[in-house]
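Residue numbers (this note's numbering): 50 to 216.
Structure first, then comments.
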């Protein structure tokens, strides 16, 4: 997402990060407003960068949850996401942040959690692989999981706006 949306980290240090995004036509939905997925990706980038800046260089992290509250629609200009680590434990970090437009209006706010490893998962020398997996419901087949992405179409107005069936 960050490559497609052209999100770059402007600042990343000591548990803080800033990620600006100049809005383009591919960021907008059919009504001309920035799609929620773009804002979510921008926030995930800024909050994740804040977490990365708060852990040792050899550590690894992954987003485990991200909750975004959309407050104001935007269609053009620059959005800037700010992320901060709120609390960090041995295995988890919690971060929060917001997106503001060029004049400082709050567009969205978010909070999330990140799982932390003191190494890249699966890279420990001599360790037995403990790759995550799920079981397929009907067959019982075990499938290795690398990354889980989810897209929600949970309300009719959004489905209609995106040209999808309202189910």
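Glycine included, C-beta positions come from ideal geometry on N, C-alpha and C.
These figures come from a predicted structure and were not determined experimentally.
Whose CA, out of 122, 130, 140 and 120, lies closest to the CA of residue 113? 140
Between the alpha carbons of residue 213 and residue 136, how many angstroms are there, rounded? 39 Å
Closer than 8 Å by C-beta to residue 62: which residues in its own chain qualify, once you throw out the five before and the five after it? Chain order, please. 102
Which of helix, strand or coil does DSSP assign to residue 120? coil
If distances are taken between C-alpha atoms only, which option among 57, 55, 68 and 56 comes closest to residue 132? 68
Drop a sphere of 10 angstroms on the beta-carbon of residue 156, count the other beta-carbons inside from all chains shown, and report buried for 16 or more, exposed for fewer. buried
Which of helix, strand or coil DSSP assigns to residue 115: strand
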